[in-house]
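What follows is a set of notes on a single structure, which appears directly below.
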Amino acid sequence: MSERVLVHVRFTPNGLVTEIGERPAGVSAQAWFDRLSSGGFHAYQPLSGGRGVFRLHPAELSSHRAASLN
143 MSERVLVHVR FTPNGLVTEI GERPAGVSAQ AWFDRLSSGG FHAYQPLSGG
193 RGVFRLHPAE LSSHRAASLN
């Protein structure tokens with residue numbers, strides 16, 4: 143199995159993102175979630191308790207980081 147990076151997400155009861163892993167400096171939690179969702183929602187898995195996780199290849203994560211800083 144190929145290597146994946148797990149990006150953990152935590153939501154408020156109304157669905158807004160409060161915490162998300164691997165977030166670049168200067169990018170809000172909600173903006174980072176929106177960025178990952180736009181290009182990697184196939185890799186998202188919802189979990190119970192207002193949580194979820196993206197399972198991304200390291201190259202995908204790097205690409206999203208670079209795009210979010212432009």
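The sequence shown runs 143 to 212 under the working numbering.
Even for Gly, the Cβ is constructed at its ideal location relative to N, Cα and C.
Arginine 197: first and last residue of the uninterrupted beta strand (DSSP E) it sits in: 193 to 198
For proline 155, the nearest candidate out of Ala209, Ser190, Leu203, His199 (CA to CA): Ser190
Beta-carbon separation (whole angstroms), arginine 177 vs histidine 206, contact threshold 8 Å: Yes, they are in contact, since the Cβ atoms of arginine 177 and histidine 206 sit about 6 Å apart, within 8 Å.
Identified DSSP bridge partners for glutamate 121: Coverage of the chain is limited to positions 143 through 212, which leaves residue 121 absent and any answer about it impossible.
Span of the beta strand (DSSP E), counted from its first residue to its last, around leucine 189: 186 to 189
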